[in-house]
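Here is the structure we will look at, set down as structure tokens.
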Amino acid sequence: MRLTDEERALLDGSAGYAARKAMEILVALGQIYDATDLVPVRSVQISGVSYHNLGEAGLEWLEQMAQDGKVRALATLNPAGMDLSDWQSHGVSPEFAERQLRLVRAYTRMGVAPTCTCTPYLIGSLPAPGEHLAWAESSAVAYANSVLGARSNREGGPSALAAALTGRTPRYGLHLDEKRVPTLQVSVEAPLHNTADWGALGYVVGKRGAERVAWLRVSSRPGLAELKSFGAALVTFGGSPLFYLEGAGPAPPAAPNIGQSLKVGAADLREAMEALDDGADAIDLVCLGCPHASLAELQQIAELLDGQQIAIELWISTARPTAEAARQLGLLGRIEGAGAKVVADTCFAVAPLQRPGATIATDSAKGCYYGRGHNRLRVHLGSVERCVQAALTGRWR
Ligand code: F3S
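So, in structure tokens, the structure goes:
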């Protein structure tokens, strides 16, 4: 792999330990994937922020990197394991909180913005079409590639941090035109009404289309919430973090090279909904905001709750600046007035909920997967309206 003089100097340690380690990671990755060189990145989004997932070894490694590491590109963080300022009221133990805060401090010492959100594109890290990125959060990578027309592979935590510390990433995969050509035609023959339906579609295409780049023909027009729900589910269930919607969004760099086609009908979507449903009737907790809710989604939830009181807990995850804007608009007061919680910096999948076996309702197919996996929850998937109704009654049916 070709390196510039500046990159070679970083690799030789001229800028210190962390930059050298970062270059070693990128060079190793580049060699594995046959990259010709490194490409400068406009922004980086780093996963591996929750102490729940990273543990003691991860914390030690980050603190070591933070001794002399400094970012060379705009870098933001994925959700952490707790609300960073209001963790006490969520029942987080002081031991966990101390480690989680140390972990975020290590990132901020390196110059990473402690945004703690999976939707950086909603709070100011908004890539332009064609820009190269090194983002790690899979739902954000899908959104950046497919809706915004930027270029990012799905990075791991260490490779994203390495990109932040050097301002570069190996040029392979979705940075290259030839890897961005659609190879799977998907005809969707059923209407999609809401974020849960789009998540179910992501489940079907992700599972059946494997890692192919999908070119979708869909009669329903998605909004921002539906696009982020679809992209999140698509990648979670095995799809490529790049898709195209015929007649909308960025066009592919070359004519589609469709080797395979897939028809998705109402029965396929129903099957997906059933696969993401664990069948219990009583609900313990309702979780919305996966990926993190936009201001418009918070407004929708405030309207659905207005003048009523919830019967069971309702959490809505969002980015802190979005929560702050919602506070100024009076939306937060309306949501909290109904008894629900808006949670910033984290989500129900990366926070240690400590409620094994509890049943949640969510509108996110990705949330179902991680809720089952990380926190051993039982799940129901349904529209935001149905989830809010479940919060008001405590029942799914
Ligand atoms: Fe974001 Fe957590 Fe969902 S990181 S995409 S809200 S699982």
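In terms of our numbering, the sequence shown opens at residue 908 and continues consecutively.
We put the beta carbon where it would ideally sit given N, CA and C, even for glycine.
For R1115, which residues in the same chain have their Cβ closer than 8 Å to its Cβ, ignoring the five residues on either side in sequence? L1169
Which runs of the alpha helix (DSSP H) fall wholly inside the segment 1032–1078 and span at least 4 residues, in chain order? 1045–1053, 1064–1073
Given that a residue counts as buried once 16 or more other Cβ atoms are within 10 Å of its Cβ, and exposed if not, what is A982? With 16 or more other Cβ atoms within 10 Å, it is buried.
Three-state class that DSSP yields for K1086 in the structure shown: Helix, per DSSP.
In whole angstroms, what separates the C-alpha of G965 from that of E1096? 45 Å
If I follow the unbroken alpha helix (DSSP H) through S1136, where does it start and stop? 1131–1143
Buried or exposed for G1031, going by 16 or more other Cβ atoms inside 10 Å? exposed
Starting from H959, trace the beta strand (DSSP E) in both directions and tell me its first and last residue. Residue range 958–972 is occupied by the alpha helix (DSSP H) that includes H959, with no beta strand (DSSP E) assigned at that position.
Rounded straight-line distance, which links the Cα of L1040 to that of L1055: 12 Å
Tell me the rounded alpha-carbon separation between A1182 and A973. 43 Å
Taking its Cβ as the centre, do 16 or more other Cβ atoms sit within 10 Å of H959, making it buried, or is it exposed? Looking at its Cβ environment, which holds 16 or more other Cβ atoms inside 10 Å, H959 is buried.
Whole angstroms are fine: how far does the CA of G1145 sit from the CA of S1271? 16 Å
Residue burial classification, Q952 (beta-carbon count within 10 angstroms, cutoff 16): Q952 comes out buried.
Is the separation between the beta-carbon of L991 and that of V956 shorter than 8 Å? no
Going by other Cβ atoms of all chains shown within 10 Å of its Cβ, with 16 needed for buried, is E1204 buried or exposed? The residue in question, E1204, is buried, as its Cβ has 16 or more Cβ neighbours within 10 Å.
At 3 residues or longer, and completely inside the segment 1107–1132: list those beta strand (DSSP E) runs for me, N to C. Listed in chain order, the complete beta strand (DSSP E) runs (minimum 3 residues) inside the segment 1107–1132 are 1121–1125.
Please classify G962 as buried or exposed, where buried requires at least 16 neighbouring CB atoms within 10 angstroms. exposed
Just jot down, in chain order, the residues whose CB lies closer than 7 Å to any heavy atom of the ligand F3S. N985, P986, C1025, E1044, S1046, A1139, G1196, C1197, P1198, H1199, S1224, C1254, A1256, V1257, S1271, K1273, G1274, Y1277
Buried versus exposed call for H1199 [16 or more other C-beta atoms within 10 Å across all chains shown]: It is buried - the Cβ of H1199 has at least 16 other Cβ atoms within 10 Å.
Can the beta-carbon of V1286 be found less than 8 Å from the beta-carbon of C1294? no
Cβ atoms of D944 and M989: under 8 Å apart, would you say? no
Taking only three categories from DSSP, how would you classify L996? In the sequence under discussion, the amino acid at residue 996 is Ser, which differs from the Leu named in the question. Residue state, collapsed to three classes: helix.
Thinking just about the alpha-carbon of each residue, which of V1171, V948, L1221, L1284 is nearest to the one in W1105? V1171
Within 10 angstroms of the Cβ of A1174, are there 16 or more other Cβ atoms? Answer buried if so, exposed if not. exposed
Among I1208, H1281, T1229, which residue has its Cα nearest to the Cα of A1245? I1208
Tell me, which residues are paired with E1220 by DSSP? DSSP lists L1192 as partners of E1220.
Only counting the same chain, and skipping five residues up and downstream in sequence, which positions put a Cβ closer than 8 Å to that of S1278? Looking at the sequence provided, one finds Gly at residue 1278 rather than Ser. By the criterion of a C-beta distance shorter than 8 Å, G1278 is surrounded in its chain by C1194, F1255, A1256, I1267, T1269, L1284, V1286, once the five residues flanking it on both sides are discounted.
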